[in-house]
Amino acid sequence: MKIVGGPSSLDLARKISEILKVPLVNTRMKRFPDGEFYFKFEENISGEHLIIVQSLEPMQDVHAMELFLMLHTARDLGAETIRVFIPYLAYSRQDRRYLEGECLSSAVIAELLEDLGADAVYTIDVHNERVLGMYKIPVYNLTASGEIAKYFVGKGLRDPIIIAPDNEDMAKKRAQYAAKSINADWDALEKRRDRYTGEIITLSKEMNVYGRDAIIIDDIVSTGRTAANAAKILKEQGARRVFVGVSHLLLMGDAEKIIMESGVEEIAGTDSVTNKYAKVSVAPILARALMGEIEQIL
Ligand code: R5P
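Going by the numbering used here, 36 is the number at position 33 of the sequence shown; the sequence numbering is gapless.
Put into structure tokens, the structure is as follows:
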């Protein structure tokens, strides 16, 4: 087995190769003056079992194209098997036609990965389980929610409770998994999103959080509004401290400010995407999965 690091995940690929004690493949990558991506294997990969590591963090389209070129090259040059680790699987929020005429973006990604030769896909905390059903090849949805919850245990939590900021199935499963990992309670809020304006409304409800430390567990922070709405409700109901633990901290625009101004004590994320709050690494999670210890929440 050998690891191939894509441009968005070079550090992560290095960590995975160290944990698994398998070599990184030598590659050469550059951008042509007009912006096109150039990729080359600097060693023979014919007959090898490869793991390509490439996050689809922003700029998603750029990183997707890089992945497609790498995958095609690996297949074309005779790799025996190609497993792709995409810690942040972008386009997973467009998993169905919410409005008539919309593109099924998640299906496009699935079809391209398969057509270009991926034998299996590993990802972390995919946004929606419907995405997994779009693949004909094996797809493993690992979770970082347990490791993130364990990170917060180091903060000396008082009577912790895990909160899912919306009550979609996956959000509740993640919260449940995180709660079980640290032997805590969990609860879920209800969130509604306007499909045209993107506006998010979180409905308040009575929760048993007074005097307790609450950890909001979610898959993605993009604008930060989901986490901030939940944090405000928790603070209003007397939570002692509110933490935000998120697998993919995209933190677009003012997200960080919006979250911190809602009363959040600390944000923690993973290295699935580049961000300054990557306090948990997804490298050991993938390594364990490759060794057969799959931490899936489905
Ligand atoms: C959506 O339902 C996800 O689980 C996240 O809650 C959402 O993507 C976060 O987005 P934002 O940070 O823009 O509220």
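No residue lacks a Cβ here, since even glycine has one placed at the ideal position from N, Cα and C.
| Query | Result |
| --- | --- |
| With 16 other Cβ atoms within 10 Å as the buried cut-off, status of THR200 | exposed |
| Extent of the continuous beta strand (DSSP E) to which GLU269 belongs | 269–273 |
| Start and end residues, alpha helix (DSSP H) containing HIS75 | 63–79 |
| Three or more C-beta pairs below 8 Å linking the segment 173–190 and the segment 208–228 | yes |
| Segment contact, 8 Å Cβ cut-off, at least three pairs: the segment 131–142 with the segment 152–169 | no |
| ILE6 versus CYS106 - alpha carbon distance | 33 Å |
| Contacts around ARG99, its chain only, beta-carbon distance under 8 Å, and the 5 residues preceding and following it disregarded | LEU107 and ARG133 |
| Candidates LEU160, ALA191 and THR76, of which the one nearest GLU305 by Cα | What the structure shows of the chain is the stretch from 4 to 301, and residue 305 is not part of that stretch, so it cannot be assessed. |
| Cβ shell of LEU206 (< 8 Å), same chain only, five flanking positions each side left out | LEU192, GLU193, LYS194 and ARG195 |
| Extent of the continuous beta strand (DSSP E) to which THR30 belongs | 30–34 |
| PRO26 beta carbon near the ligand R5P (any heavy atom closer than 7 Å) | no |
| ILE218 CB to nearest heavy atom of the ligand R5P below 7 Å | no |
| Unbroken stretches of the beta strand (DSSP E), 3 residues or longer, contained in the segment 217–301 | 244–252, 269–273 and 281–283 |
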